Amino acid sequence: MALLELRDVHTYYGAIHALRGISVDVEEGEIVTLIGSNGAGKSTTLRILLGLARASAGVAELFGRDAWRHAAELHHRVAYVPGDVALWPNLSGFEAIDLLTRLRGGRSDRRVYDERRQRLIEEFRLEPRTKGRAYSKGNRQKVALVAAFATPADLYLLDEPTSGLDPLMEQVFNREIARVAADGATVLLSSHILSEVEVLCDRVSIIRAGRLVESGTLTQLRHLTRSEVGFVHEPGQDAALAVLEGAHDLVVDHGRVRFAVDSDRLPGLLPELGRLGVRGLTVAPPSLEELFLRHYGDEPEWVTDGAGE
1 MALLELRDVH TYYGAIHALR GISVDVEEGE IVTLIGSNGA GKSTTLRILL GLARASAGVA
61 ELFGRDAWRH AAELHHRVAY VPGDVALWPN LSGFEAIDLL TRLRGGRSDR RVYDERRQRL
121 IEEFRLEPRT KGRAYSKGNR QKVALVAAFA TPADLYLLDE PTSGLDPLME QVFNREIARV
181 AADGATVLLS SHILSEVEVL CDRVSIIRAG RLVESGTLTQ LRHLTRSEVG FVHEPGQDAA
241 LAVLEGAHDL VVDHGRVRFA VDSDRLPGLL PELGRLGVRG LTVAPPSLEE LFLRHYGDEP
301 EWVTDGAGE
């Protein structure tokens, strides 16, 4: 049984059909990422899992229990970070972190908690005595992240968690995700920062206009697009190059050759390149950005059909 499971989930906000048959499962110990443009349905999906919104149809379960009916009980095992954190204006960062932790039922060992909280405050470079009303967006995000990581959770639900953070703090976040995953935790995060996803995730699910349009490991998804190949060739071989099987957009420029090839056809092409005696061969696998743009390269459907974020 999956630790987290969505099966054919539909959600309506009045006449707006926000989620259209989403099915996602996450096994224990996995890091799975939902990617999609703003309005694709990522946040709605996480809200349903948190019991903050109710699915109009379908099944949403955490730890084998209904996410809506058992929300209060399940929240003790879940750490959540939204993409836009709101804090109590008169509480300091310290006070907000402690309150958020108590709401989850954490801090069973106060000494361990204090040590972990202090380490995270230093790692994220947070000034914890500042009042919530004086924090920038990035610092509000840091408060929520420190609170989420300060006590262990079985499941981390993170909605654009690095929104407002600079690249250095994003690296700190990546290290913390690796740490909790090594400790056996499960992570489901939404993101549109593709470089972040490639570093972190075991599997990717691409959401568009409330629908799941692609899902799998990066290796599984990359067979759907093309790798870029480049090399130096000997003069007089242009005719041989022209018949390379599977080559697309072949360019020959002063002895340098560039072309694209469907990634699943690349192994069969390598022996042909070997027979040509090519030099300086480079192969660049498709990035997650290419996979993403394959589904978002045209006008996003949510602009007209009302799919919710």
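As numbered in this note's numbering, residues 1 to 309 make up the sequence shown, in order. Built from N, CA and C at the ideal position, the CB exists for glycine as well. Here the structure is a predicted model, which is why all the values come from computation and not from measurement.
If the criterion is Cβ atoms closer than 8 angstroms, does the pair residue i and residue j meet it?
{"i": "A60", "j": "V26", "result": "no"}
{"i": "I206", "j": "V213", "result": "yes"}
{"i": "L244", "j": "L269", "result": "yes"}
{"i": "K131", "j": "L91", "result": "yes"}
{"i": "P152", "j": "D183", "result": "yes"}
{"i": "V232", "j": "G255", "result": "yes"}
{"i": "L49", "j": "L157", "result": "yes"}
{"i": "D159", "j": "R77", "result": "no"}
{"i": "I35", "j": "S191", "result": "yes"}
{"i": "A260", "j": "D253", "result": "no"}
{"i": "A181", "j": "G29", "result": "yes"}
{"i": "G164", "j": "G138", "result": "yes"}
{"i": "P89", "j": "R129", "result": "no"}
{"i": "G51", "j": "R7", "result": "no"}
{"i": "S263", "j": "S227", "result": "yes"}
Residue range of the beta strand (DSSP E) that residue i falls in?
{"i": "F259", "result": "256 to 262"}
{"i": "E61", "result": "57 to 62"}
{"i": "T11", "result": "4 to 13"}
{"i": "I207", "result": "203 to 208"}
{"i": "L19", "result": "16 to 26"}
{"i": "D391", "result": "Residue numbering for the chain in the displayed model covers 1 to 309; residue 391 lies beyond these limits and cannot be assessed."}
{"i": "E228", "result": "226 to 232"}
{"i": "E315", "result": "Residue 315 is absent from the model: the chain starts at 1 and stops at 309."}
{"i": "G280", "result": "279 to 284"}
{"i": "T162", "result": "T162 -> no beta strand (DSSP E), and no H or E assigned at all."}
{"i": "T33", "result": "31 to 35"}
{"i": "T186", "result": "186 to 191"}
Looking only at its chain, what residues have a beta carbon closer than 6 angstroms to the beta carbon of residue i, apart from the 5 residues adjacent to it on each side?
{"i": "G230", "result": "R258, T282"}
{"i": "A53", "result": "R47"}
{"i": "R203", "result": "V32, T217"}
{"i": "E5", "result": "D25, E61"}
{"i": "E123", "result": "V172"}
{"i": "I201", "result": "It is worth fixing the name first, because residue 201 is Cys in this sequence and not Ile. Cβ neighbours of C201 beyond the five flanking positions: I31, T33."}
{"i": "A148", "result": "A79, V81"}
{"i": "A55", "result": "V9, T11, I48"}
{"i": "G14", "result": "none"}
Taking the alpha helix (DSSP H) that residue i falls in, what are its first and last residues?
{"i": "A247", "result": "That residue, A247, is in no alpha helix (DSSP H); its beta strand (DSSP E) goes 247 to 253."}
{"i": "G274", "result": "266 to 276"}
{"i": "I48", "result": "42 to 50"}
{"i": "A182", "result": "167 to 182"}
{"i": "A71", "result": "71 to 74"}
{"i": "L244", "result": "No alpha helix (DSSP H) holds L244; DSSP gives it neither H nor E."}
{"i": "S195", "result": "194 to 200"}
Enumerate in chain order the residues of its own chain whose CB-to-CB distance from residue i is below 7 angstroms, with the five nearest sequence positions on each side excluded.
{"i": "L19", "result": "V9, H10, T11, G41, T44, T45, G210"}
{"i": "A247", "result": "F259, V261"}
{"i": "G280", "result": "F231, V232"}
{"i": "A2", "result": "D25, V26, E27"}
Spatial neighbours of residue i within its chain, please: C-beta separation below 8 angstroms, excluding the five flanking residues on both sides.
{"i": "A86", "result": "R140"}
{"i": "A67", "result": "I48, L49, L50, G51, A60, E61, L74"}
{"i": "V199", "result": "N174"}
{"i": "S136", "result": "G164"}
{"i": "E127", "result": "G93, N139"}
{"i": "D166", "result": "G138"}
{"i": "T304", "result": "Low confidence applies here, because T304 scores a pLDDT of 35, under 50, leaving its location unreliable; read the following figure in that light. Taken in chain order, the list of residues that qualify is empty."}
{"i": "L99", "result": "W88, L91"}
{"i": "A96", "result": "L87, W88, G132, V143, A147"}
Could one say the Cβ of residue i lies closer than 8 angstroms to chain D's Cβ atoms, at least one of them?
{"i": "G268", "result": "The displayed structure is made up of one protein chain only, and chain D is not part of it."}
The stretch 140 to 147 touching the stretch 69 to 86, judged by at least three CB pairs closer than 8 angstroms: By the Cβ rule, the stretch 140 to 147 counts as touching the stretch 69 to 86, because three or more pairs are nearer than 8 angstroms.
The stretch 209 to 229 touching the stretch 179 to 188, judged by at least three CB pairs closer than 8 angstroms: no
Touching by the beta-carbon criterion (3+ pairs, under 8 angstroms), the stretch 116 to 135 and the stretch 56 to 74: No, they do not touch.
Whole alpha helix (DSSP H) elements within the stretch 81 to 149, 4-residue minimum: 93 to 104, 110 to 123
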